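Some notes on the structure that comes next.
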Amino acid sequence: MHEPTSSRTAAAALVEQLVIDGVRHVFCVPGESFLAVLDALRDSGITVTVCRHEGGAAMMAEAVGKCTGRPGICFVTRGPGATNASAGIHIAQQDSTPMIMFVGQVETSVREREAFQELDYRAVFGSMTKWTVEIDDPNRITEFVSRAFYTASGGRPGPVVVALPRDMLSRRVTVDNAPPYEPVETSPGEEEMARLGELLAESKNPLFVLGGSRWSASARGQIHEFANRTGLPVATSYRRSTLFYPLHPLYAGDLGLGPNPKLVARVKAADLLVLVGGRLGEIPSQGYSLLSSPSPETKLVHIHPGAEEIGRVYRPHLAIHASPNRFVAALMRLAVTPNPAWREGAAAAHADFLAWTAIATPQPGDVNLGEIMIWLRDHVPADTILCNGAGNYASWIHRFYRFRGFMTHIAPTSASMGYGMPAAIAMQRLHPERLVLSVNGDGDFLMSGQEFAIAVQYRLPIIVVVCDNGMYGTIRMHQEREFPGRVCATELHNPDFDAYARAFGGFGAVVHKTSDFPAAFEAARASRLPSIIHLRIDPDAILPATTLSGIRERALAAAVTT
Ligand SMILES: Cc1ncc(C[n+]2csc(CCOP(=O)(O)OP(=O)(O)O)c2C)c(N)n1
Ligand SMILES: [Mg+2]
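Pasting the structure below:
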């Protein structure tokens, strides 16, 4: 692993270093700027997925980083490739996902002339990444690649951009490989854990909220054990609900968009919040309304792997700078005398969660997305991975689908549209044996719909559900609230998505009523082809508990009375 080599190019050294660092998959759109890397990848043993758009490639890499906790990797070309990919970089930043994007750069001899597709990466990506670097000296390539892994995955994880001047990649190097990177975990101190024990002992009404990244499956198991031992109620943060088993009797639900009002009330009534791994950002904090900033009245314990995140918005009563894995391991050793009131409170919270998610709400039109989510939760295997992007259709996923397995929900906390399609491709590449679903809005889907061609190319039997309400529904909802009746730029004229699937060589079906869904789904599975199920949703069905016309009428009535 460490033998010095003199006959390889910088590109070959880079790819060898990726292999050493455990990379199994890379996602790319090719460019002439990094041909030497493509050549080195060819016989490397790394699986290369070619994509149709760099935004898709970057989102696939982000999805891998999110699912595995190890940096997801993409390669894109300079200028337009890099700017196309920025959508995925921003997701990795907001979602705290380890990711490394390698990008081609013009030859060093013409830099700073605004040569063809030249871009100043540090300026463009500086505020979106943890680190952006351009490698000039080919003999430092393994040093920089190794650092990229440490930086992307350490502390609060995030994206790293590494620019590769074309001539640098083809130069011969004598540099050694770096040893494989190892994730750096930070452990809580004994004093902090003792203080946590005191705060718990004083608390009558505590709540744990799990979030963020850097969780392992075994840490997830341990937090269940701790909850069992103590009877403490556990909630999850926005799009982090796979951190706790939904049918566990201590599970209180997830704090996201359109959460259970009873959970929100519970958070407000808690006398101690233990926030493990997350940041309690704008969405889970319900627009920063759950706690006051900078000094929350509720006692707050904030455990986070990134030192700079602690005290950023809320001054915690107890700050614990630790990775979720090590914090949970320390919890296993913490002596806690359970207060019977905790388990009673948790049982009530879980009953509220079950009641909120049990039965689909009635909907206008013949396709009820709530009933479809409930059918899916009852019929697909527990390890099915569901990917989605952004749009009101996701409200039915959050409310009615139940994520039973760790990392079975791959969706952006940054609510970036166009994510569900590339994420599903990445997940099926990673887990060929598992069922992978991609649930999309009609607007959402066509932001990355071209990647369906990649699913066909690699014969990935993903099942794509397109919830077609003929509009950018979320924005139309806000439009009706703020400017009732004044529709502008939110209507969409859609193709037949089932025919779109067939045109690409996949399977397509259209669903006009809820009862048609099971047969369409089974036919999609039986086809073993990438499939699209086109759901014709009534545009009035805007949220599980509210219609679009109701929102408009209330806004018009309010306008008359004010
Ligand atoms: C990349 C991106 N662009 C724009 C938005 C703003 N936005 C949020 S939801 C939404 C509409 C989503 O429409 P659709 O996918 O059809 O889902 P629906 O709300 O109709 O269910 C838009 C435009 C966004 N979140 N991400
Ligand atoms: Mg829509």
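Taking our numbering, the leading residue of the sequence shown gets 4, the next gets one more, and so forth.
Virtual Cβ for every residue (Gly too), placed ideally from N, Cα, C.
Since the structure is predicted, the reported quantities are computational estimates derived from the model, not experimental observations.
| Asked | Found |
| --- | --- |
| For the segment 67 to 79 and the segment 215 to 226, state whether three or more C-beta atom pairs, one from each stretch, are separated by less than 8 Å. | yes |
| Would you mind listing the alpha helix (DSSP H) stretches within the segment 310 to 376 that are 4+ residues and don't spill past its ends, in chain order? | 327 to 335 and 343 to 361 |
| Compare the beta carbon distance of residue 503 and residue 536 with 8 Å and say whether it is the shorter of the two. | no |
| Along the chain, where does the beta strand (DSSP E) that runs through residue 188 open and close? | Where residue 188 is concerned, there is no enclosing beta strand (DSSP E), given that its DSSP letter is neither H nor E. |
| Mapping the DSSP letters down to three states, classify residue 109 as helix, strand or coil. | coil |
| Going by C-alpha to C-alpha distance, which of 478, 97 and 35 sits closest to residue 444? | 478 |
| How would you write the range of the beta strand (DSSP E) that residue 390 sits in, first residue to last? | 388 to 391 |
| In this structure, does DSSP put residue 235 in helix, strand or coil? | coil |
| Should residue 362 go down as buried or exposed, given a rule of 16 or more other Cβ atoms within 10 Å for buried? | exposed |
| Indicate whether residue 554 and residue 480 have their beta-carbon atoms separated by less than 8 Å. | yes |
| I think residue 244 touches residue 412, with their Cβ atoms under 8 Å apart; what is that distance to the nearest whole Å? | 6 Å |
| Is any beta-carbon of chain D found at less than 8 Å from that of residue 57? | No chain D appears in this structure, which consists of one protein chain only. |
| Which of helix, strand or coil does DSSP assign to residue 385? | coil |
| Considering just the uninterrupted stretch of the alpha helix (DSSP H) at residue 476, what are its terminal residues? | 476 to 485 |
| How many Å lie between residue 5 and residue 172 at the Cα? | Per-residue confidence for residue 5 stands at a pLDDT of 48, beneath the threshold of 50, marking its modelled position as unreliable; the derived number appears in the next sentence. Distance between the alpha carbons of residue 5 and residue 172: 20 Å. |
| Ignoring anything shorter than 3 residues or poking outside the segment 502 to 548, list the beta strand (DSSP E) runs there in chain order. | 510 to 514, 534 to 539 and 544 to 546 |
| Run through the DSSP bridge pairs and tell me what residue 256 is partnered with. | 238 |
| Quick one: measure Cβ to Cβ for residue 507 and residue 514, integer angstroms, because I've assumed they're closer than 8 Å. | Contact doesn't hold; Cβ gap of about 19 Å is too wide. |
| Residue 93: buried (16+ other C-beta within 10 angstroms of its C-beta) or exposed? | buried |
| Would you be able to state if there are at least three C-beta pairs under 8 Å between the segment 150 to 164 and the segment 124 to 136? | yes |
| Have a look at residue 430 and residue 60 and give me their C-alpha separation to the nearest angstrom. | 13 Å |
| For residue 247, report the span of its beta strand (DSSP E) as first-last. | Segment: none, residue 247 is in no beta strand (DSSP E) and carries neither H nor E. |
| Which value, in whole angstroms, describes the spacing of the CA atoms of residue 107 and residue 419? | 25 Å |
| Which of the three DSSP states, helix, strand or coil, is assigned to residue 218? | coil |
| Grab me the residues of residue 326's own chain with a C-beta within less than 7 Å of its C-beta, minus the 5 sequence neighbours each way, in chain order. | 188, 189, 217 and 308 |
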